[in-house]
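Q: First, the structure itself, so that you have it in front of you.
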Amino acid sequence: AQSVTQLDSHVSVSEGTPVLLRCNYSSSYSPSLFWYVQHPNKGLQLLLKYTSAATLVKGINGFEAEFKKSETSFHLTKPSAHMSDAAEYFCVVRSASKIIFGSGTRLSIRP
Amino acid sequence: EAQVTQNPRYLITVTGKKLTVTCSQNMNHEYMSWYRQDPGLGLRQIYYSMNVEVTDKGDVPEGYKVSRKEKRNFPLILESPSPNQTSLYFCASSLRGGGYEQYFGPGTRLTVT
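Here you go:
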């Protein structure tokens, strides 16, 4: 069985400071992992994905994530937050058939 | 333009009145899926389809039906809607299962009174 846990429901950072959104997963085999972003009243957009290639994955808008098998984690980071990063972020684990979303982390950016 | 479309975008209905939310993709994707999004719960998979005539239950299938008669279409049917099905619904598609990126529709906001 698969599961995914986003450790923080809400993260608030100041503009220009680093962002860390935490995600732990559980899977009985090597999973595919994704991060999606949802801006207010908008649909979902793919930020990045891990599919058993490089463990450090670079995505759009300066985001990256590192797959750590020993820690079963796939945390999302960005060196410097921008006001436009304010949104809800979802960590996703995917098997060949089913897809499990985390409960989401709302990122707020303080001016 | 490659896209997933959903209709209607907004729907207010009454308990027990059957409704269908349509979903269509123009990317020749094999995999399609329906989700509902509720505050604090993220997106939960309702049903998915690996290909034409192949559908299976997700995590919250109760009260919903789907069909996949054509590759491009994957309608979601609520035979007898109830207030606990008030939610934001998303359709998504991907080339196949596994590590392929999903493309999401714009969402359908359903209110059942």
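First to last, the sequence lines map onto chains G and Y. Residue numbers for the first sequence follow the working numbering, beginning at 1 and rising by one. Residue numbers for the second sequence follow the working numbering, beginning at 1 and rising by one. Ideal Cβ positions, reconstructed from N, Cα and C, are used throughout, including at glycine.
Distance check for residue 31 of chain G and residue 109 of chain G, CA to CA, integer angstroms please.
A: Taking the straight line from one Cα to the other gives about 31 Å.
Q: Is the stretch 71-87 of chain G close to the stretch 32-51 of chain Y, with three or more CB pairs under 8 Å?
A: Touching, no, given that fewer than three Cβ pairs across the two stretches are closer than 8 Å.
Q: When the Cα atoms are used, what is the spatial distance from residue 83 of chain G to residue 52 of chain Y?
A: Approximately 43 Å, taken between the alpha carbons.
Q: Along the chain, where does the beta strand (DSSP E) containing residue 58 of chain G start, and where does it finish?
A: First-last of the beta strand (DSSP E) with residue 58 of chain G: 56-58.
Q: Return the residues of the stretch 32-66 of chain Y that lie within a Cβ-Cβ distance of less than 8 Å from chain G, sorted by chain order.
A: The stretch 32-66 of chain Y vs chain G, Cβ under 8 Å: 33, 35, 40, 41, 42, 43, 44, 45, 48, 50, 56, 58 and 59.
Q: Examine chain Y for any beta-carbon lying closer than 8 Å to the beta-carbon of residue 26 of chain G, and answer yes or no.
A: So no, residue 26 of chain G is outside the interface.
Q: With a threshold of 6 Å on Cβ separation, who are the neighbours of residue 100 of chain Y within its own chain once the five nearest residues in sequence on each side are excluded?
A: Around residue 100 of chain Y: 94.
Q: Note down, in chain order, each residue of its chain lying with its Cβ closer than 8 Å to the Cβ of residue 71 of chain Y, except the 5 sequence neighbours on either side.
A: Correct list, in chain order: 28, 29, 30, 51 and 52.
Q: Against chain Y, with Cβ distances strictly below 8 Å, would residue 69 of chain G count as a contact?
A: False, the Cβ-Cβ gap to chain Y never drops below 8 Å.
Q: Which two residues bound the contiguous beta strand (DSSP E) that contains residue 77 of chain G?
A: Its beta strand (DSSP E) spans residues 73-78.
Q: Give the single residue among Y/32, Y/14 and Y/8 whose Cα lies nearest to the Cα of residue 21 of chain Y.
A: Residue Y/8 is the option with its Cα nearest to residue 21 of chain Y.
Q: What beta strand (DSSP E) runs, 3 residues minimum, are completely inside the stretch 5-86 of chain Y?
A: Here the runs fully enclosed are 10-13, 19-25, 31-38, 42-51, 54-57 and 76-78.
Q: Give the DSSP-derived three-state secondary structure of residue 94 of chain Y in the structure shown.
A: Three-state result, residue 94 of chain Y: strand.
Q: How should residue 107 of chain Y be labelled, buried or exposed, when 16 other C-beta atoms within 10 angstroms of its C-beta is the threshold for buried?
A: Residue 107 of chain Y is buried by the Cβ-count criterion.
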